[in-house]
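For the sequence shown, numbering that gives the first Met the number 0 begins at 0 and goes up steadily by one.
Backbone N, C-alpha and C define an ideal beta-carbon position, used for all residues, glycine too.
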Amino acid sequence: MINRMLVFYMFVFVLASCSDDYKIKSMIQMEINHDWKFSQAGKEVWLPATVPGTVHTDLLANKIIEDPYYRLNEKQIQWIDKVDWEYRTVFIADGQVLEHNRIELIFKGLDTYAKIYLNGDLLQQTDNMFRTWKIDVTKKIRKGENKLSVILASPTQRGLEELKAYGFQLAADNDQSEAGEMGQDKVSPYVRKAPYHFGWDWGPRLVTSGIWRPVILRAWDEACLENIQIITDDLSTERAGLTAKIEIVAAEKLEITLNLFVDDISLSTRNWKLEIGNNLLEMPLTIDNPVLWQPNGLGSQKLYTIRIELADKEQVIDVMETKTGLRIVKLVRQPDPDGKGKSFYFKVNGNPVFAKGANYIPDDIFLNRVSPEKYEFIIKSAYEANMNMLRVWGGGIYENDLFYDLCDQYGIMVWQDFMFACAMYPGNEVFLENVRQEAIDNVRRLRNHPSIVLWCGNNEIENAWGEYEENRGWGWKQRYNPEQRQVIWKAYDTLFHHILPGVIEQEDPGRSYWHSSPSAGMGQLASYETTSGDMHYWGVWHGLHPFSDFCKYRARFMSEYGFQSFPEFNSVKKYTVPEDYNIESEVMMSHQRSGIGNLRIRQYMEEDYNIPGDFEQFLYVGQLLQAEAIKMAIESHRSDMPYCMGSLYWQINDCWPVASWSGIDYYGRWKALHYFAREAFKPTVLVLTESDGFLNGYVVSDNQPGQKMQVLMKLVSFTGKVEWEAVQEFEMTAQSILFLNSPLTEILGKIDLSSVVMVSELRQGDILLDTDFHYFVKPKNLDLTNPNIKAEIKEKGDLIEISLTAANLAKNVFLYGDGITGRFSDNYFDILPGQEVLVNISKSDVQSDLKSSLKILHLYLTDNDD
Ligand code: BMA
């Protein structure tokens, strides 16, 4: 978010255009992204390379390897991470660069073990993908051509050396060492590199190397702006009291003036005397009548641009800009009045906010392929599905600035894990210091983003180890002797209870730190029964609990739960050939990394659906299964408000084409789940559930209580006959209220439950807020008849509109077809007999004649061929 380059060039341009012979001796920043070449180390076969990038994508671009995501190609390319690679370029440093007093090379991200050489001299060795490396090259740079070379050592070989030096294997169950041809040697815990690169239960094993973030040449003279931190001291709608903490590096003692602008208006000017080295200066500032930043659905996302100009006696010598939003966020953990538990919720600008969203993983194995468009697509998809929070999960990366910029802009709060997941980590000093620097780099880079609401130490490690209860955990403790156990726990304790919270206290004291997700609190393991902290509920799926248990297990904040599905057939076709069209085929199994995945999908599908023999239909029904399960969970969490204050399912996206828990597949196709989540996360929803022979109706709202509501309920037969209807009127006295609790028999009498649906409409005055379809039997027991769907296609401006009608109830209508690149405004929906459903799609998203290419699948067809 801190953007110097653009501003700086604009500034130079403005001054330069004032007077042609005005000599500007100010900072230069340029990205070294041209003419890179790469070769396997020692082979001297130099091919064009892309920086930022990775070895794998460069090999692919040069046609040395085939698409790693296609069929079984992943297996053929495991050699790449076993060898060293070299990247080279030559850049020109002209007189303008060289006349500066201080010249630096800044590497924003090196994956992972790099040796950096400039003109043959070793500048730096690196060992952490997540850190930024700034190197003073003032004395090494030459006029004219400069040879820059980066040698990237094999991360797996270096990992093996680290493992050997450490003396024993640390637990890392998701590391697919065997797929990586490394037997039982799991090196990921020893290497500060994105854990998911070593394989996960939704990801391939592709251990990358590369210069994955930009390389910058920076030249300056007396002083330069290093960082701006904006701290909110007090905030109301009348006034925002802020402090700008400004870090300046000075090469000499210097008198300076700092000018601070908010949205281009100069708000403050101060003079200072800088000392040589790092200087930390503070400037208070006030914004009158500020517009507060609010999460999606609760207000606007106003961002203020704060610009600092640093001037010496004669001229401005550096400019830095950052954007921030004004809000106060607190993680509230207050004991319940009955003393039985503690709340866990985010209070934003004084209002408790129910967090609605999902977990986010990196959007590709090859991070350079996550384009700005892809970032925008995924964050916008979260926004469109009425989400207000994403959890950046600890097995991936600290995301690019753009990710957080978009979250700021769309009102998506970010639960930010540090990058530690499902493994134990070393505790030697070098490792710990490396992590401390990594945390400092990333916290400094990200702390002005209003979207970030929490720093979290790690994913699932506290529970996996289970220090506080001998019989808990994933069996890891039992793998070690008492001394090793002590060493491992000490490392954990130092890292997550001291180093990381220490960095937060020092660098970002306004934000809360939560040591591990899930946790019931310091010293207490989370379980499905705990009444404090956050919960990962995997009873459904891993534990084979029935879907209805989503309503049984209550959490204060549900930060993970999920259910798998396959991508739709059009997506599967992209990475398979017809002989693979079977979920047990070698290729499909290779794109299913959960050992129990296929089994679980079948087990649960058998309970609720007739299992289709046809491959394409199986994929479709699998998506319905997932969507219904997660919808049930979301609804149950939301109606349990305010006891429960968050529902983040596992997971919004994929990093390659695979069977997974995602709601959006790798190619950007929304699965049935994402459409269902959009409904379940609406600001105000109707929820109908059954328990012990009772029909319960809830209305849940993100808005403050007080509104008058009306619910119209109709029991409709699958042929369209209204069997029963009733109206309920009530006031929202709380954000979740139970408006109906009636014995089923009272409503249904002797009606055949397999051929009716309860259609309920929630209205506030004339506004229809939500419609809910409640069925009384499992989908496999529904007495569906052929709905005889009719589709009429019309062009309407830039859109194509499809009008759909059905003679009998149509369940889970799925529109698809060849040549459709975008998505329909709705999908996987039900149509009541006699009802007209209008769906549209943008013309630019259809590369075929929709009249002939449109296909319609619905549940009745999965059981019948007519
Ligand atoms: C959660 C995550 C991931 C994993 C998922 C599905 O616990 O934290 O580690 O991919 O479960 O098993």
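{"query": "CB-CB length for residue 699 against residue 601, believed under 8 Å", "result": "Their Cβ separation, rounded to whole angstroms, is 33 Å, which puts residue 699 and residue 601 out of contact at 8 Å."}
{"query": "Euclidean distance between Cα positions of residue 313 and residue 253", "result": "12 Å"}
{"query": "Through-space distance from residue 192 to residue 206, alpha-carbon basis", "result": "9 Å"}
{"query": "The alpha helix (DSSP H) enclosing residue 483, as first and last residue numbers", "result": "481-493"}
{"query": "Other residues of its chain near residue 159: CB distance less than 7 Å, five sequence neighbours each side excluded", "result": "184, 186"}
{"query": "Nearest-angstrom beta carbon gap, residue 832 and residue 719 [assumed within contact, 8 Å]", "result": "3 Å"}
{"query": "Helix, strand or coil at residue 707 [DSSP, three-state]", "result": "strand"}
{"query": "Sub-9 Å separation of residue 550 and residue 363 beta-carbons", "result": "no"}
{"query": "Alpha-carbon to alpha-carbon, residue 628 and residue 540", "result": "10 Å"}
{"query": "The beta strand (DSSP E) enclosing residue 567, as first and last residue numbers", "result": "Counting along the chain, residue 567 falls outside any beta strand (DSSP E), and DSSP gives it neither H nor E."}
{"query": "Where the beta strand (DSSP E) containing residue 503 begins and where it ends", "result": "Unbroken run through residue 503 is the alpha helix (DSSP H), 499-506; no beta strand (DSSP E)."}
{"query": "Proximity test, residue 414 beta-carbon vs the ligand BMA heavy atom, cut-off 8 Å", "result": "no"}
{"query": "Residue 564: CB within 8 Å of a non-hydrogen atom of the ligand BMA", "result": "no"}
{"query": "Whole-Å CB distance - residue 491 paired with residue 169, under 8 Å assumed", "result": "At roughly 10 Å, the Cβ-Cβ gap does not stay under 8 Å, so residue 491 and residue 169 are not in contact."}
{"query": "Residue 355 beta carbon less than 9 Å from that of residue 555", "result": "no"}
{"query": "Separation of residue 621 from residue 844, as counted between CA atoms", "result": "25 Å"}
{"query": "Per-residue DSSP class, three states only, for residue 8", "result": "Low confidence applies to residue 8: its pLDDT is 39, below 50, so where it sits in the model is not reliable enough to give any reading."}
{"query": "Cross-strand partners of residue 125 (DSSP beta bridge)", "result": "For residue 125, which the question treats as bridged, DSSP gives no partner whatsoever."}
{"query": "Nearest residue (CA-CA) to residue 387, options 317, 405, 296, 328", "result": "296"}
{"query": "CA-to-CA distance, residue 676 to residue 722, given in whole angstroms", "result": "30 Å"}
{"query": "Opening and closing residue of the alpha helix (DSSP H) in which residue 371 lies", "result": "371-383"}
{"query": "Residue 422 CB to nearest heavy atom of the ligand BMA below 8 Å", "result": "no"}
{"query": "Cβ separation of residue 516 and residue 421, assumed to be a contact under 8 Å, to the nearest whole Å", "result": "No, residue 516 and residue 421 are not in contact; Cβ-Cβ is about 11 Å, not under 8 Å."}
{"query": "Residue 347 versus residue 84 - alpha carbon distance", "result": "48 Å"}
{"query": "CB contact flag (residue 715, residue 739, <9 Å)", "result": "no"}
{"query": "Segment contact flag, the region 752-761 with the region 577-594, C-beta cutoff 8 Å, min 3 pairs", "result": "no"}
{"query": "Proximity of residue 866 and residue 409 at Cβ, strictly below 9 Å", "result": "Only positions 0 to 865 of the chain appear in the structure, and residue 866 is not among them; the question remains open."}
{"query": "Residue 209 (DSSP reduced to helix, strand or coil)", "result": "strand"}
{"query": "Cβ-based neighbour list, residue 231, same chain, cut-off 8 Å, excluding 5 preceding and 5 following", "result": "239, 240, 241, 325, 326, 327, 509"}
{"query": "Straight-line Cα distance separating residue 801 from residue 761", "result": "26 Å"}
{"query": "Whether residue 824 touches residue 839 by CB criterion (9 Å)", "result": "yes"}
{"query": "Rounded separation between residue 9 and residue 291 - CA only", "result": "Any answer about residue 9 is weak, because its pLDDT of 37 lies below 50 and its placement is not dependable; what the coordinates show is given next. Between residue 9 and residue 291, the C-alpha separation is close to 29 Å."}
{"query": "Same chain, Cβ closer than 6 Å to residue 97, neighbours up to 5 away in sequence not counted", "result": "142"}
{"query": "C-alpha gap between residue 442 and residue 294, whole angstroms", "result": "21 Å"}
{"query": "In DSSP terms, what residue 514 is bridged to", "result": "None, per the DSSP bridge assignment."}
{"query": "Residue 541 CB to nearest heavy atom of the ligand BMA below 8 Å", "result": "yes"}
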